[in-house]
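Q: Residue numbers (the numbering used here), protein chains in the order written: chain A, 1 to 205; chain B, 1 to 205. Idealized CB from N, CA, C, for every residue including glycine. I'd like to ask some things about the structure below.
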DNA sequence: GTCTATATGCGGATAGAC
DNA sequence: GTCTATCCGCATATAGAC
């Protein structure tokens, strides 16, 4: 009668690289739900099904873990954009916008990016967030070939979406219909997607 | 030889309301520089020249202090917009944009707003940040009389500026000229203003 | 590779004097 | 109205077993 009922005393052995990726995914969801400050390494650990010291062991510090999370998130955005580039035509603004909206379905991805844009003042995180933002900017302008003005408008719309996501202005929290109207005019269907994906207050994503 | 050199052992007596305002101003600068998480109540206290327990005493908790700060900031944005409304004409988009940019000169005002848009997930702060954002949205649309589309574009540009401010993409941190180009195309002169106002890494504002 | 146990430090908050 | 002293909790990080 020793360990019968205790589930998950020890997570199944796994290659460190795989475990890393698993933790990064969980961490993205948790950081996305509660922001950098509001999340503890223990929250991340429990979401990933491992012990708190182990996530610290793997990533060194909480800040380094978060940095790994946002680097991965920014890369993901670019890969999503890149995927819709082939055969780029007149619709590339709409298609890339849709690609961004599609990321709403990947837990925490957009919230994490939104949050990272407010952390430029942090000496460790700031440089990484800036580089991520810049990399998207450059991609849109140089690889997708947007004009200067289209690039600005595209990024501005993205930041508006980030703010709406960061504020939890839709979903269980939404009170003002005008906001979802706006969202709809930014990216058709994004509002509906957000509504579905948003957890109730206090819930995890 | 007792208290000769000790400066400010006790802050000069003052009406609580005035002290409150003084602390709010200092707190705006400090929260703006280091974000909500990165700031301690002691940081605020020292910036305001009072003791740490006293700021807690006046505001109850750190979260309540921050809430007071962002409420004040959102009100300030609206008052700045309202000030340029009389005799509103064709230029109202440009004039309100300039009014927003003018707030760059008030320490921490824009950074605080930028940061608050990432804290929607916080059960205490979230509702206040949402209400602040909504109030600006409504003002632009209903009182300034912007069209639905102009409102969205205006807010989107504002969020882009917030992101640039939040990321510290200009000033001592700026590395990519393309970003200041963009800022200039959003709001003429804003980039130069930002450059002047941004502190070096790690410095207080 | 992963855990348990624990040290450590920091920051928010309280008590109470002046 | 404002401070000093201090408590206390919590979360990060370490040590070391398995």
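1) Tell me the rounded alpha-carbon separation between residue 137 of chain A and residue 158 of chain A.
2) Any Cβ of chain A within less than 7 Å of the Cβ of residue 110 of chain B?
3) Counting contacts by CB-CB distance shorter than 7 Å, is residue 168 of chain B in contact with chain A?
4) Just the C-alpha distance for residue 20 of chain B and residue 76 of chain B, rounded to the nearest angstrom, thanks.
5) Measure how close the beta-carbons of residue 208 of chain A and residue 121 of chain B come, nearest whole angstrom, since I'm counting them as under 8 Å.
6) Does any residue of chain B have a CB that is nearer than 7 Å to the CB of residue 128 of chain A?
7) Report the rounded CA-to-CA distance for residue 50 of chain B versus residue 49 of chain A, giving the unit in angstroms.
8) Starting from residue 37 of chain B, find everything on chain A with Cβ-Cβ shorter than 7 Å and list it in chain order.
9) Hey, does residue 29 of chain B have any beta-carbon neighbour from chain A nearer than 7 Å?
10) In chain order, which continuous runs of the alpha helix (DSSP H) of length 4 or greater are located wholly inside the stretch 87-142 of chain A?
11) Counting only Cβ pairs nearer than 8 Å, list the residues of chain A close to residue 147 of chain B.
12) Is residue 30 of chain A near residue 43 of chain A, with beta carbons less than 7 Å apart?
13) Please list, in chain order, the chain A residues whose beta carbon lies closer than 7 Å to that of residue 121 of chain B.
14) Residue 59 of chain B by DSSP, collapsed to three states: which one?
15) Between A:68, A:192, A:105, A:146, which lies nearest to residue 85 of chain A when the distance is taken from Cα to Cα?
16) Do residue 24 of chain A and residue 72 of chain A have their CB atoms nearer than 7 Å?
17) Show which residues of chain B have a CB atom less than 8 Å away from the CB atom of residue 133 of chain A.
18) Looking only at its chain, what residues have a beta carbon closer than 7 Å to the beta carbon of residue 66 of chain A, apart from the 5 residues adjacent to it on each side?
19) Quick check on this structure: which residue in A:34, A:27, A:140 has the alpha carbon closest to the alpha carbon of residue 45 of chain A?
20) Out of curiosity, what's the CA-to-CA distance linking residue 61 of chain A and residue 53 of chain A?
21) Assuming contact is defined by CB atoms lying nearer than 7 Å, are residue 118 of chain A and residue 166 of chain B in contact in what I supplied?
A: This is what the structure gives:
1) 11 Å
2) It does not: the Cβ of residue 110 of chain B has no partner Cβ on chain A nearer than 7 Å.
3) yes
4) One C-alpha to the other measures close to 16 Å.
5) As shown, chain A starts at 1 and ends at 205. That puts residue 208 of chain A outside it, with no answer to give.
6) Not a single CB atom of chain B sits nearer than 7 Å to the CB of residue 128 of chain A.
7) 45 Å
8) 36, 37
9) no
10) 92-102, 109-116, 125-138
11) Per Cβ cutoff of 8 Å: no residues; residue 147 of chain B is ~11 Å from chain A at best.
12) The beta carbons of residue 30 of chain A and residue 43 of chain A sit closer together than 7 Å.
13) In chain order: 33, 34, 35, 38, 168.
14) helix
15) Among A:68, A:192, A:105, A:146, the Cα nearest to that of residue 85 of chain A belongs to A:146.
16) yes
17) Residues of chain B with a Cβ closer than 8 Å to the Cβ of residue 133 of chain A are, in chain order, 163, 167, 169.
18) 31, 36, 125
19) A:27
20) Approximately 10 Å between the Cα atoms of the pair.
21) yes
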